[in-house]
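Numbering (the numbering used here), first residue to last: 89 to 1206.
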């Protein structure tokens, strides 16, 4: 069911109530007419509105008629009735259609194939992906290396691999792999050349964050050699190692490194003699092989003999081998880290696939052979399902369990010729196979059925064609090579029912008031900047922390620096051109989970993984790599510190995982007092909650996830009111008094939901909470806990609204004042960032795309035009067409509030209008006619300008009037301003089953009732026609109103010349005493030590530079 429909929001208890309503005690049951069903169902369930039950009744009846279901005699007479059987049939049909649509949505829709600029003249042998620079490398048989951009796959550079052992015309490359975890450590002089090359790449891609992690590649040749190249030099790659003495020529390579211990890695080779060999590195990040003595440095590469590796002369690695393939060529090799085994295949039927199990170091491999009819061309492994797919010469794709050798667990038939390549799509549990007759098939592994066939789009080549298949699952790209030709296939952007802003779960969202943009980050280490006025993407930075997740972000006081914290334990400081200025070593070279970064005037506080705060002080930011300083207050918490908040001038409060709060003096860094929940009251509460996985978690019920000082309540705390609010486990929100160290109030904002998060408006008027199901609630706290009370208050503040803009856990909330509008930003694990009015409805999701009815798809965004309005395209809902239903949709305790609030607001508005509008209508009756015409002309041009610039500007008069109206209404009823409608686009709403006038995914189309609401006292009538306007008198006869003045220029009196000559120049030597200047020039003890250390470092750098100049130049890979 759709997320916003009534039937999808009903719980199991609600359906049991409906079942008892229809069936009762008898099995025969009863049927209801439309009026009876609406009244009986709404009275029994008490969820939703009567209009929604009426639409549910209509949907059941229409679905029955469309499917030609039999109608009873009452229906034949024109009266339609619904019973329990028909209602459940409708629900089951809806679920079946949903499952079919979701399965169909998983099938990728490919864009037309694009032929890339061919840099190669020979067949392409390998394509690899460089994680460090987000680029692709392709190598041909002749040694030509192509460098491709990661974004648009544009050819950036071409290089030529060199091997001194053979002549260039005899060079033949067979395979290539990237050693992702091997990075060369450079000296300061070498880093200067690296930076020069990086600056050249930055000119091509100014918004790409460059990461200084440079990998190595391993290339095999038919000369029976294996060469290791550094991606550092400018003109050509420098060969660092050369493994010689191999008995046969390597045909295929594979490289694997341990995800937890990257120093452990395995390089696997398969050769033309049927042998599978593996080099197991013990310290790959330090050195792959043992180098000769320092005095033996030469310009050539270090020669490593294969015999030495087999005999174990290199202590940093050892080898594994087996000859289970006989004399058949080994087509492909893989090392499976989850199985600790070498996987290989060949075209021999007796050894089509072989698994060599690694048991203990120094012992031979335990070999298992799998047999097929004609042999295997390729294979791939899915670690999640533990399945191996083989591409058979007999036109079949076989699925194997690695522990079952008797027969495959699945046979995929459909290809009409030999299958040449197979690749798993791990995330979707699908399999891609490509055959020799140029047919691409996509298989659903679970059902073992072909769900897509692509043919006729590939180029025509000779019968003997070398084909390579490379899949980039992260970017949904498929690269195929046909000899020297490269063909790129990209998946179209999925236009499913859920709009997403990121490709990965969003972890944080911020608002930059300087640039008027929204900044969001995700778990894929991507940062995106958005325009608030339109929801359009402005900039996107990939892999800001490499493979590490960005857990949180922060902005400095100037709004020009962005702090990003990764799970790698590093906090980086960026500008908005993608340049990293500093790296803060918060985790001290360890991977830690950072929950918050608090940027203060002179310090930066980082927390989340230990009981003490990690502090970085302002003087230490003179270096690029910044180390943490010591927190003078020491350890004051018994558990990990999760969050903190600051109140100028010097009050700091921190919250820990056990629910304890500590108040600090930020200047002296001393702990002043501690705040704990009421033990008697908390003991009576059930402390067992459910975590994300549905398991019981008794430790997280007291954890503090967010802390905020209540603005403008410094004097309130002295008399016993609340000045601090916290939230965390069990859906609880607590209000504290930091002066008297006591708990003032506690209430449950979200029941049975686990941990929650929250944020506050800058004025302290609204408190917004969010839970793990995507629900947001807005509370009015302006008058909450202002006065002291006896004991702890359990009464909740006024609930102003509730909505659900997300389908998964809300990870971060942020309020912002954009112009004169108070907006709410919410980030979720469902990969979306939503914009909502505060309080009010959801405006849209950043990055939303709608497909127009025209030939080409176009992007359709919202446009914030007025303080309370949203301008949309043709056919979208306008302001004033919002459903008058409760914003909660799913919250029963909020459903009972809107009617009373509307009645109060209506009475106040009618009273004001009765006293003010009488004179106002008389005074403006003669002026508004011309004013409306003038405004109509101005607004037309203004809307045209806004459509092109997306600036969201508005006329000054409209902004002032709307802002005044909102301010007046706010003083009557806080936060009950009529929200504008959601504008997710027509096609998006049709796909989600929404009506045009729906304001949220929970409302159906209902007629607007003008008798209630904010504008209930206004008279709505037909606009009168405007007659012809006459020109004003002062324009027709200007001479009567304006006198002619002579065009004379004002007399400027020249300044008197300074005839005095300064005898001596004023400088600091003549203005200040000599003793003070000598004290200023004298360096401190710490500065002298730092200067001596820098001199020693510069001397070492010059020495290395001289040695490198003697030993050979070293460049930078661009």
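Note that CB positions come from ideal geometry on N, CA and C, so glycine has one too.
(request) Quickly, what does DSSP pair residue 108 with across the bridge? List them, please. (result) In DSSP, residue 108 forms no bridge with anything.
(request) Measure the C-alpha to C-alpha separation of residue 147 and residue 433 and round it to an integer number of angstroms. (result) 57 Å
(message) By the DSSP assignment, the alpha helix (DSSP H) with residue 96 in it spans what residues?
(response) 94-97
(message) Taking the straight line between their C-alpha atoms, what separation do you get for residue 643 and residue 930?
(response) 25 Å
(request) Could you check what DSSP says for residue 1129 in three-state terms: helix, strand or coil? (result) coil
(request) Please say whether residue 109 and residue 132 have beta carbons closer to each other than 8 Å? (result) yes
(message) Taking a contact to mean a Cβ-Cβ separation below 8 Å, would you say residue 575 touches residue 511 in this structure?
(response) no
(message) Assuming residue 651 is part of the beta strand (DSSP E), what are its boundary residues?
(response) 650-654
(message) Just to confirm, is the Cβ distance from residue 195 to residue 264 under 8 Å?
(response) no
(request) Measure how close the beta-carbons of residue 376 and residue 316 come, nearest whole angstrom, since I'm counting them as under 8 Å. (result) 7 Å
(message) Quick check on DSSP: helix, strand or coil for residue 394?
(response) helix
(message) Check for me: the beta strand (DSSP E) holding residue 618 runs from which residue to which?
(response) 615-619
(message) Mapping the DSSP letters down to three states, classify residue 639 as helix, strand or coil.
(response) strand
(request) Excluding the 5 residues preceding and the 5 following residue 337 in the sequence, name in chain order all residues of the same chain whose CB lies nearer than 8 Å to its CB. (result) 262, 308, 309, 310, 311, 312, 359, 360
(message) On a Cα-Cα basis, can you pick out the residue from 429, 466, 461 that is closest to residue 452?
(response) 429
(message) Quick check: residue 866 and residue 926, are their CB atoms within less than 8 Å of each other?
(response) yes
(request) Kindly identify the DSSP beta-bridge partner or partners of residue 578. (result) 565
(request) Return the chain-ordered list of same chain residues with a C-beta closer than 6 Å to the C-beta of residue 268, the five sequence neighbours on each side being excluded. (result) 219, 303
(message) Measuring alpha carbon to alpha carbon, tell me which residue in 854, 564, 573 is nearest residue 548.
(response) 573
(message) On a Cα-Cα basis, can you pick out the residue from 704, 631, 142, 177 that is closest to residue 151?
(response) 177
(message) Taking only three categories from DSSP, how would you classify residue 319?
(response) coil
(request) Could you spell out the range, first to last residue, of the beta strand (DSSP E) harbouring residue 606? (result) 605-610
(request) Helix, strand or coil for residue 860, going by three-state DSSP, please let me know. (result) coil
(request) Grab me the residues of residue 874's own chain with a C-beta within less than 7 Å of its C-beta, minus the 5 sequence neighbours each way, in chain order. (result) 804, 809
(request) Find out if the Cβ-Cβ distance for the pair residue 639, residue 654 is shorter than 8 Å. (result) yes
(request) Just grab the DSSP bridge partners of residue 762 for me. (result) 750
(message) Just to confirm before moving on: does the CB-CB distance between residue 613 and residue 633 stay below 8 Å?
(response) yes
(message) Out of 659, 637, 595, which one is the CA nearest neighbour of residue 921?
(response) 595
(request) For residue 954, name the three-state secondary structure that DSSP assigns. (result) Summary for residue 954: the model assigns pLDDT 43, below 50, so the residue's position carries little reliability, and this model does not support an answer.
(message) Can you confirm whether the region 438-445 touches the region 401-419 when touching is taken to mean that 3 or more C-beta pairs between the two stretches lie within less than 8 Å?
(response) yes
(request) Look at the Cβ atom of residue 695, then the Cβ atom of residue 730, and state whether they are nearer than 8 Å. (result) yes
(request) Would you give the residue range spanned by the alpha helix (DSSP H) that residue 130 belongs to? (result) 122-133
(request) Identify the continuous beta strand (DSSP E) that holds residue 254 and give its terminal residues. (result) Unbroken run through residue 254: none, as it is neither H nor E.
(request) Pick helix, strand or coil for residue 172, following the three-state DSSP scheme. (result) helix
(request) Let me know the secondary structure DSSP gives residue 399 once reduced to three states. (result) helix
(message) My assumption, with CB atoms under 8 Å, is that residue 395 sits in contact with residue 480. Please give the rounded CB distance.
(response) 37 Å between Cβ atoms; not a contact.
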